[in-house]
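Each residue of the sequence shown is one higher than the last, beginning at 84 in the working numbering. Glycine included, every Cβ here is placed at the ideal spot set by N, Cα and C. Remember, predicted model here, so these are calculated numbers, not experimental data.
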Amino acid sequence: SHCVKFRNLKQPPSQAGSCSSPTFAAKTITSHHASSLTPSMDRGLLHLSLCSRPPSHTILSYQLLPQSLSHCSLQSQWPPSLASAEGSTRPSSRGPPRRTSPSRRRLCVAASASAADAGASPTVVAGDDKYGKKQVISVTPQLYDYILANVRENPILRELREETATMRGSQMQVSPDQAQLLSMLVQILGAEWCIEVGVYTGYSSLAIALALPESGRLVACERDAKSLEIAKKYYKRAGVSHKVDVKHALAVDVLRALVQNGEACSYDFAFVDAEKRMYDQYFELLLQLVRVGGVIVFDNVLWHGKVVDPSVNDLKTSSIRNFNQRIYEDKRINISMVPIGDGMTICRKISNS
Numbered sequence: 084s085h086c087v088k089f090r091n092l093k094q095p096p097s098q099a100g101s102c103s104s105p106t107f108a109a110k111t112i113t114s115h116h117a118s119s120l121t122p123s124m125d126r127g128l129l130h131l132s133l134c135s136r137p138p139s140h141t142i143l144s145y146q147l148l149p150q151s152l153s154h155c156s157l158q159s160q161w162p163p164s165l166a167s168a169e170g171s172t173r174p175s176s177r178g179p180p181r182r183t184s185p186s187r188r189r190l191c192v193a194a195s196a197s198a199a200d201a202g203a204s205p206t207v208v209a210g211d212d213k214y215g216k217k218q219v220i221s222v223t224p225q226l227y228d229y230i231l232a233n234v235r236e237n238p239i240l241r242e243l244r245e246e247t248a249t250m251r252g253s254q255m256q257v258s259p260d261q262a263q264l265l266s267m268l269v270q271i272l273g274a275e276w277c278i279e280v281g282v283y284t285g286y287s288s289l290a291i292a293l294a295l296p297e298s299g300r301l302v303a304c305e306r307d308a309k310s311l312e313i314a315k316k317y318y319k320r321a322g323v324s325h326k327v328d329v330k331h332a333l334a335v336d337v338l339r340a341l342v343q344n345g346e347a348c349s350y351d352f353a354f355v356d357a358e359k360r361m362y363d364q365y366f367e368l369l370l371q372l373v374r375v376g377g378v379i380v381f382d383n384v385l386w387h388g389k390v391v392d393p394s395v396n397d398l399k400t401s402s403i404r405n406f407n408q409r410i411y412e413d414k415r416i417n418i419s420m421v422p423i424g425d426g427m428t429i430c431r432k433i434s435n436s
């Protein structure tokens, strides 16, 4: 599992460089393939494009998980795309390339690949013998740009995303492809009553509300008042305020109140992107509120790739790991773990007991 970690950079505009997708940079993207990189992997490559000073936000650091990939070598390679896009001069193939700024480097992790092979493919294709030699493609920055280019993002959603990208904690916002998936699930279900646990600035809840019919209702739970003000501003601008029932309170208290008010088995869809250590409690309460056939989606189930690293045992990572195991064993739901964003698990309720 590979994790590219994005961090906010606060630098004056005069220091800004370039980045292919600066507005998507404040989000963690975890890429996966079913088998680990091994010395025998044929021409396997993972490209991590690093831009140090984009107009707003960028990749500040990267990490590889698990840390046992000691056989991997780290190489610096001048990408032709940057050479042409930035008007720079590509170094000669003879001798080492000139030292360049981080914004003009591509870091390649090559497993048993020669320098000549380094530019052979922009994607990692890993052969997996365990599952019938199925080839699994890992999402590189170039491929992710392609995915994002094919997201039909409502203009009001784009404006909200771009405003959120300037804020502290913007990595909490779901990515455009995640929001598109949530919207699609709501439409497929024909959902009318929905719940969101963890609103932040409202990007995912706005995507859900836009997908609801005029008579739809979304209970949006968020404890941070400042974030909620931004969310409510965009609900109003998008004309969906009448669909969103904003709850400025702890989500557990809101969910319990809904159960006590006789709303059990009344909801069609729920999305959870909040305190990871509370996932178990959210799950049990939402199972009471969502009808049989309804769907609950949990975000961050891969937790920046840490769930597969046995050396990482902090409270949040352990909570996510244990939660994943718990819902895997729960017979009241069917599940599908999807490697999108930081990982999402889609749970469909099939039984009340």
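Taking the alpha-carbon positions, what's the Lys326 to Tyr362 distance?
Position 243 of the sequence shown holds residue 326. Position 279 of the sequence shown holds residue 362. Approximately 25 Å, taken between the alpha carbons.
What would DSSP say about Tyr227, mapped onto helix, strand or coil?
Start at 1 with the first residue of the sequence shown, and residue 227 comes out as number 144. DSSP places Tyr227 in helix when its eight states are reduced to three.
Apply the 10 Å Cβ neighbour rule to Ile271 and answer buried if 16 or more other Cβ atoms are within range, or exposed otherwise.
Locating residue 271 in the sequence shown gives position 188, where the first residue counts as 1. When all chains shown are included, Ile271 counts as exposed.
Which two residues bound the contiguous alpha helix (DSSP H) that contains Glu245?
If you number the sequence shown from 1, residue 245 lands on position 162. Run containing Glu245: 238–247, per the alpha helix (DSSP H) assignment.
For the stretch 252–318, list the alpha helix (DSSP H) runs that are entirely contained and at least 4 residues long, ordered along the chain.
List check, alpha helix (DSSP H) in window: 259–272, 286–294.
Looking at C-alpha atoms only, which residue of Gly345, Ala353, Gln408 is the closest neighbour of Ala292?
Along the sequence shown, one-based indexing puts residue 292 at 209. Minimum Cα distance to Ala292 is reached at Ala353.
Go ahead and pull the three-state DSSP assignment for Ala194.
Position 111 of the sequence shown, counting from 1, holds the residue named residue 194. Reliability of the predicted coordinates at Ala194 is poor, the pLDDT of 33 falling under 50, and no value is obtained from them.
Of the choices Gly299, Val335, Ala347, Trp276, whose alpha-carbon is the least far from that of Asn435?
The sequence position of residue 435 within the sequence shown is 352, counting from 1. For the residues Gly299, Val335, Ala347, Trp276, the minimum Cα distance to Asn435 belongs to Ala347.
Sort Val355, Glu245, Tyr283, Asn383 by Cα distance to His331 and report the nearest one.
In the sequence shown, the residue the question calls residue 331 occupies position 248. Among Val355, Glu245, Tyr283, Asn383, the Cα nearest to that of His331 belongs to Tyr283.
Check Arg360 in the structure and name its three-state DSSP category.
By one-based count along the sequence shown, residue 360 stands at place 277. In the structure shown, Arg360 sits in a helix (DSSP, three-state: H, G or I).
Less than 7 Å between C-beta atoms, sequence neighbours within five positions excluded: which residues of the same chain meet that for Tyr350?
Against the sequence shown, residue 350 aligns to sequence position 267. Cβ within range, chain order: Trp276, Cys277, Ile278, Leu372, Val373, Arg374, Gly377.
Taking the alpha helix (DSSP H) that Arg415 falls in, what are its first and last residues?
In the sequence shown, residue 415 corresponds to position 332, counting from 1. Looking at the DSSP string, Arg415 is not in any alpha helix (DSSP H), and its letter there is neither H nor E.
Please confirm whether Asp392 and Gly281 have their CB atoms less than 7 Å apart.
Here residue 392 refers to the residue found at position 309 when the sequence shown is read from its first residue. Here residue 281 refers to the residue found at position 198 when the sequence shown is read from its first residue. Not a contact, by the Cβ cut-off of 7 Å.
With 16 other CB atoms within 10 Å as the buried threshold, where does Ile416 fall?
Within the sequence shown, the letter at position 333 stands for residue 416. So Ile416 ends up on the buried side.
When the distance is taken between beta carbons, is Val395 closer than 7 Å to Ile403?
Along the sequence shown, read from residue 1 onward, the residue named residue 403 stands at position 320. Along the sequence shown, read from residue 1 onward, the residue named residue 395 stands at position 312. Not a contact, by the Cβ cut-off of 7 Å.
Taking DSSP as the reference, what is the three-state secondary structure of Asp382?
Locating residue 382 in the sequence shown gives position 299, counting from the first residue. Three-state result, Asp382: strand.
Have a look at Arg181 and Ser221 and give me their C-alpha separation to the nearest angstrom.
For the purposes of this step, residue 181 is taken as the residue at position 98 of the sequence shown. For the purposes of this step, residue 221 is taken as the residue at position 138 of the sequence shown. Note that Arg181 scores 42 on pLDDT, short of 50, meaning its location in the model is unreliable and no value can be drawn from it.
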